[in-house]
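FYI, in numbering that gives the first Met the number 0 the residues of the sequence shown are 0 to 316. Here is the structure we will look at.
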Amino acid sequence: MNTGFLSDERFLLHDTGKSHPERPARMRSVLDHIREFSWFETLLPITAETCDEKWLTEVHDMKLVQRARETCANGGGQLDSPDVQVSTKSFDTALLAAGGVMRIADAVMSGQVNNGFALVRPPGHHAERSEAMGFCLFNNVAIATRYLQKQYGLDKILIVDWDVHHGNGTQHIFEQDPSVLYVSLHQYPHYPGTGASSETGVGSGVGATLNCPMHAGSGDNEYEQAFREVILPFAYEFKPDAVVISAGFDAHQTDPLGDINLSTDFYGWMTTRLLEVADSSSEGRLISVLEGGYNLKGLSESVAKHISVLLDDSAAI
Ligand SMILES: [Zn+2]
């Protein structure tokens, strides 16, 4: 079996302006780094396609879609929040990012690959149903999750979000839905302010949201403890039909936007643990999607570690 890899030069066209942390150089740096490895050629390239409005509105209000389209058509600027800066091409780029993740889902579901990584921008996990926020326009992971359920009939999806920031958008989109288990490890208190351990879901979704707030200064040991004692038992009990990772790399020790000290190797450790979950109940189906990560070296090396572990697992099947 194989690992799918999706990226697209057009993701560079989302121009956030001068000195914005979520910049095109992030993607260029990762691509330059991972192309150096002999394994890069063994990845199956997946081609991005624009996300159809039908799938976008599964998780977003049409008003957000229209506002994003108009803001970009009018030359760009701020969308909903000062940290979401868009250019004329950002709307198309965001649709391509969401649609790209869906193509990885297609490749996984057709059995072409058993897992895949989407190197996309803009990121998605802060995007709420009706509001762009935190560098995010549309919630790529949420859209792919609904796509897996509605297009392919999968029942239960596990989303693990290891970005240093809490994925408020993803939590809120699924908090009433017991079929999607949203698990987040994040620095707390920190942006965006949500993600207390008391937030466990709403209504029939109670019990399907699991927040693991981590103190500033936490590192590999604290994260490993959270995985072993809380997250993994919960994940195995849930028996997901697919695993989706909101893979931000801003909890890395070098990252300027977080105060968590994960090592590069620890991203490999977390990847292995989630592959084991996917192997146990999901026939290995795992889709990983880039969120944050703002130190170019830390981001590039951590993504390389993550993909190399995905590939090792594929090679073993
Ligand atoms: Zn982040």
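The C-beta atom is built at its ideal place from N, Cα and C for all residues, glycine as well.
Using a cutoff of 6 Å, the CB of G291 counts as near ligand 1, since one of the ligand's heavy atoms is closer than that. Distance from the CA of T169 to the CA of E35, rounded to the nearest whole angstrom, comes to 34 Å. Assigned with DSSP and collapsed to three states, G110 falls in coil, not helix or strand. Pairing V112 with S280, the inter-Cα distance amounts to about 17 Å. Of the candidates P191, V107, L285, L42, the residue whose Cα lies closest to the Cα of D162 is P191. Within 6 Å of the C-beta of H214 there is not a single heavy atom belonging to ligand 1.
A residue is called buried when at least 16 other Cβ atoms come within 10 angstroms of its Cβ; G216 does not meet this threshold and is exposed.
DSSP links D160 through a beta bridge to S183, S245. In the DSSP annotation of this structure, D31 is not part of any beta strand (DSSP E); the continuous alpha helix (DSSP H) holding it starts and ends at 23-33. Residue side-chain check: H19 keeps its Cβ at 6 Å or more from all non-hydrogen atoms of ligand 1. Check the Cα spacing between Q224 and each of C211, Y235, E236: the tightest is with C211. Each of Y181, S299, V119, N114 was checked against the Cα of H32, and the nearest Cα belongs to S299.
The residues M213, H214, in chain order, have a CB closer than 8 Å to that of E221 in the same chain once the five nearest residues on each side in sequence are set aside. In the three-state DSSP reduction, I286 falls in the strand class (E or B). Between H59 and R128, the beta carbon gap of about 6 Å places them in contact (Cβ cut-off 8 Å). For V276, the uninterrupted alpha helix (DSSP H) run begins and ends at 263-280, by DSSP. DSSP places I45 in the uninterrupted beta strand (DSSP E) bounded by 43-45. Per DSSP, the unbroken alpha helix (DSSP H) holding Q170 starts and ends at 167-173. When beta bridges are read from the DSSP output, S80 appears opposite L78. Cβ-Cβ distances below 8 Å link F233 to L180, V182, L209 in the same chain, with the five nearest sequence neighbours on each side left out; the list follows chain order. Secondary-structure assignment with DSSP links G115 through a beta bridge to G3, I286.
Between the segment 122-141 and the segment 263-276 there are fewer than three inter-stretch CB-CB distances shorter than 8 Å, so the stretches are not counted as touching. The C-alpha of G115 is placed about 12 Å away from the C-alpha of V302. For D79 and L157, the gap between their C-alpha atoms comes out near 29 Å.
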